[in-house]
Structures are given as C-alpha cells and as structure tokens.
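> Residue numbers (my numbering): 985 to 1250.
Ideal placement from N, C-alpha and C gives every residue a C-beta, glycine not left out.
What you are looking at is a predicted structure, and each value in this text was computed from that prediction instead of being measured.
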Amino acid sequence: LFRHSPLAVAWPSPLLVLNYPLVVSNVKVLNEKIKGTRPKTSLAATIRLLRETYTSEGILGLYKGGHIFLLHQAIRDGMRFVADRGLRALERRLGWKKWDAEDIEPKSKRRRFLVRLALKYSIDSLCYPVLLVSTRTIIKNDQETSWQSVCTWSREEGLLSLFAGLTASLISMAVEEAMEMILAYCIERHAKGNQLDVSDKLVLKACGSSVLSVFTSPVNHVGVIQRCQSRLPGLPEPRSVASIVRGLPWRGSFNQLLLFGGILTL
C-alpha cells in the first residue's frame, strides 16, 4: 500500500489545457442560480455552458482564471518537489535506507510515509488560497484584478475566508487517495493468481476509479461551492453544508455508478 511517495510530482500534461474548459463549466454549473432546481451536470448542460461561455466571452472565457490555476499547480508541485528532495537528502545524511526500499521495516516505512503524507496536505493547505482565487475568478464579473479581489476579501471577511472549503477539499483528496491505493492493491493481488494483461489492468483501474469518483465527487463539489460562496456582492450567498448536499446532482452520480459498476462487474 505504501509503494509510492505522496510527494511525487508528475510532469505537466498537455491534457490540462484541454480539460480546463470543463473545469470552468463544472464551477459554473455548480454555482448556477436556478431557483428551485438542482445543478444540471449532465453532458447536455456542460455543452450548453461551454457554448454560452464561448459565445459571450470568446475563447478567453473558456480559460478564465486558468493562469491562476496554473500558478497554483506550479507552486504546489514545486513545494512538493523541494520537500521530497529535502527529506531524501536528510535520510541519506542520517544513513537511513530509502523509505520505499523492499527490505525496510514495515513500521519504519509506514511512519515515513505518514510524514510525507502530512507534508503533502500541509503544502496543499498553504497553497489553497491561490486555488480559491482561480475558482472565484471564473464566476466573478467585476473589473478588479485578482490581487485587488484578494485584498477586498481579506479586508471585508478576514484572512480565513481565503480557506473556505478547505476541509471538504482535503477530505475529498484523502478519501480518493485511500480508495485508489486500496483499488490498486486489490487489482495487483487478484492479478497474482490470474493471467491479466496490462490492458485488462488498465480497464479495471479506469472503471474502478470511475466508480470510486461517485463517492468522492460529492465531497469535492461541496468544496468547490464553498470556495465560491461569500457575503460580498457578485458571489453566491453562503449556505449550510446540509443545504449544499441536498442540492447536489445525485441522479447523475447514481447513473454513473450503475454504468461503470456494470462494466466493472463484467
């Protein structure tokens, strides 16, 4: 279970550029002010919002807040990389074996894994205000710069307002990572007694991840909505967690569970 470092950083993917308009659409869908209805996160609603955004704001509207989102990714991954290299250098200096070595004691390996995990969540917490700014930039319509908006939010609502939705975001991340680790462990264990091709493993992992996302996406949606909420004009009014949860698109999640659960069963 503790094979990969929580502080590991992947190379930037070009898919991030292609996927970002979907991030913009998701934020807008979840914060749509449609009285008496739930957010419509169906494919049709996503396409509609993408088309409307492109028509009214052009191609730049599809990448609104994207520069801040990339800045968040760069700062977060940079801090993770430095922390990981620093820990490795410290362990070499102390004469310790690599934390992921095969012959290391399980107790020591687990303890050093948890240290890295705690560092990862601490770094994500420190970088969270940048993510909040990128998310709010998508839905706010004033002419203030990002820095001016940060100063306004901090002055009017306090510095802690820049961490709105942090708890839900960390819970979503923790649950998703735990489920993915357990899923990978189950697939590897099952593969030992059966002849599974690499393609079969990839299909199992993809379908399993899709099923798991049904359980983690509602928590992530709560975090996104809380990130945008504020008592200041131009942003959605704050709501209780219970009210947000009731308004989530549960029907779409149920359909996704049936679809990928059926594929995984086959």
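Quick check on P1217: buried or exposed, where buried means 16 or more other Cβ atoms within 10 Å of its Cβ?
Here residue 1217 corresponds to residue number 233 of the sequence shown, with the count starting at 1. Exposed is the call here.
> For P1005 and T1129, what's the separation of their Cα atoms in angstroms?
As a working mapping, residue 1005 is identified with position 21 in the sequence shown. As a working mapping, residue 1129 is identified with position 145 in the sequence shown. Going from the Cα of P1005 to the Cα of T1129 covers about 21 Å.
> Three-state secondary structure (DSSP) at H1056?
As a working mapping, residue 1056 is identified with position 72 in the sequence shown. Residue state, collapsed to three classes: helix.
> Spatial neighbours of D1061 within its chain, please: CB distance less than 6 Å, with the 5 preceding and 5 following residues excluded, ordered by chain position.
Translated into positions along the sequence shown, residue 1061 becomes position 77. Closer than 6 Å at the Cβ level, and outside the excluded window around D1061, lie V993.
> Could you check if I1252 is buried or exposed, using at least 16 other CB atoms within 10 Å of its CB as the buried criterion?
Residue 1252 is absent from the model: the chain starts at 985 and stops at 1250.
> Can you say whether N1015 is buried or exposed, counting buried as having 16 or more other CB atoms within 10 angstroms of its CB?
The sequence position of residue 1015 within the sequence shown is 31, counting from 1. Buried, because 16 or more other Cβ atoms sit within 10 Å of the Cβ of N1015.
> Kindly indicate the opening and closing residues of the alpha helix (DSSP H) around V1134.
Here residue 1134 is taken as the residue at index 150 of the sequence shown, counted from 1. 1130-1141 is the extent of the alpha helix (DSSP H) around V1134.
> CA-CA distance, E1041 and Y1105?
To locate residue 1041, count along the sequence shown from 1; it is residue 57. To locate residue 1105, count along the sequence shown from 1; it is residue 121. Their backbone Cα atoms lie some 36 Å apart in a straight line.
> Which value, in whole angstroms, describes the spacing of the CA atoms of T1151 and G1207?
Taking the sequence shown and counting its residues from 1, one reaches residue 1151 at position 167. Taking the sequence shown and counting its residues from 1, one reaches residue 1207 at position 223. Rounded to the nearest angstrom, the two C-alpha atoms are 8 Å apart.
> How big is the Cα-Cα spacing for S1227 and Q1210?
Here residue 1227 refers to the residue found at position 243 of the sequence shown. Here residue 1210 refers to the residue found at position 226 of the sequence shown. Cα to Cα, the separation comes out at about 11 Å.
> Taking DSSP as the reference, what is the three-state secondary structure of P1217?
If you number the sequence shown from 1, residue 1217 lands on position 233. Residue state, collapsed to three classes: coil.
> Report the option in Q1057, I1043, R1035 whose CA atom is closest to the CA atom of S997.
Position 13 of the sequence shown, counting from 1, holds the residue named residue 997. Ranking the options by Cα distance to S997, first place goes to Q1057.
> Using the Cα positions of G1142 and T1136, report the straight-line distance between them to the nearest angstrom.
For this step, residue 1142 is matched to residue 158 along the sequence shown. For this step, residue 1136 is matched to residue 152 along the sequence shown. Cα to Cα, the separation comes out at about 9 Å.
> What separation, rounded to the nearest whole angstrom, lies between the Cα atoms of W1131 and N1125?
Within the sequence shown, residue 1131 is the residue found at index 147, counting from 1. Within the sequence shown, residue 1125 is the residue found at index 141, counting from 1. Taking the straight line from one Cα to the other gives about 15 Å.
> Spatial neighbours of F1147 within its chain, please: C-beta separation below 8 Å, excluding the five flanking residues on both sides.
The count along the sequence shown starts at 1 and reaches residue 1147 at position 163. Taken in chain order, the residues that qualify are S1109, Y1112, P1113, L1116.
> According to the Cβ coordinates, are T1037 and L1046 closer than 7 Å?
Translated into the one-based positions of the sequence shown, residue 1037 becomes position 53. Translated into the one-based positions of the sequence shown, residue 1046 becomes position 62. Yes; because the gap between Cβ atoms is below 7 Å, this pair is in contact.
> Mapping DSSP to helix, strand and coil, what is P1113?
The residue given as residue 1113 occupies position 129 in the sequence shown. DSSP places P1113 in helix when its eight states are reduced to three.
> Since A1085 is in the alpha helix (DSSP H), which residue starts that stretch and which ends it?
Here residue 1085 corresponds to residue number 101 of the sequence shown, with the count starting at 1. Taken as a continuous stretch (DSSP letters only), A1085 belongs to no alpha helix (DSSP H), as it is neither H nor E.
> Within the same chain, show all residues whose beta-carbon is closer than 6 Å to that of F1053, passing over the 5 residues directly before and after it, in chain order.
Residue 1053 sits at position 69 when you count from the first residue of the sequence shown. Within the same chain, F1053 has close Cβ partners S1118.
> Roughly how many angstroms lie between the CA atoms of V1001 and V1229, to the nearest whole one?
Looking up residue 1001 in the sequence shown gives position 17. Looking up residue 1229 in the sequence shown gives position 245. Straight-line Cα distance between these residues: approximately 30 Å.
> Which residue wins for smallest C-alpha separation from G1050, given the options N1003, R1032, R1095, T1200?
Here residue 1050 refers to the residue found at position 66 of the sequence shown. If we check each option's Cα against that of G1050, N1003 comes out closest.
> For my contact list, L946 and P990 are in at a C-beta cut-off of 8 Å; report their separation, rounded to the angstrom.
Because the chain is modelled from 985 through 1250, residue 946 falls outside the range shown and cannot be assessed.
> I1107: buried (16+ other C-beta within 10 angstroms of its C-beta) or exposed?
Here residue 1107 is taken as the residue at index 123 of the sequence shown, counted from 1. That one is buried.
> Among the residues of its own chain, which have a CB less than 7 Å from the CB of H1205, if the five just before and after it don't count?
Stepping through the sequence shown from its first residue, residue 1205 is reached at position 221. Here the set comprises L1014, L1232.
> What do you get for G1079, buried or exposed, if any count of 16 or more other CB atoms within 10 angstroms of its CB means buried?
Locating residue 1079 in the sequence shown gives position 95, where the first residue counts as 1. So G1079 counts as exposed.
> Which value, in whole angstroms, describes the spacing of the CA atoms of F1065 and T1030?
Along the sequence shown, read from residue 1 onward, the residue named residue 1065 stands at position 81. Along the sequence shown, read from residue 1 onward, the residue named residue 1030 stands at position 46. Rounded to whole angstroms, F1065 to T1030 spans 35 Å at the Cα level.
> Which stretch, first to last residue, makes up the alpha helix (DSSP H) that contains L1014?
Translated into the one-based positions of the sequence shown, residue 1014 becomes position 30. Note, L1014: alpha helix (DSSP H), 999-1014.
> Between the beta-carbon of Q1213 and the beta-carbon of P1202, is there less than 7 Å?
Your numbering for residue 1213 matches position 229 in the sequence shown. Your numbering for residue 1202 matches position 218 in the sequence shown. The answer is no: Cβ separation not under 7 Å.
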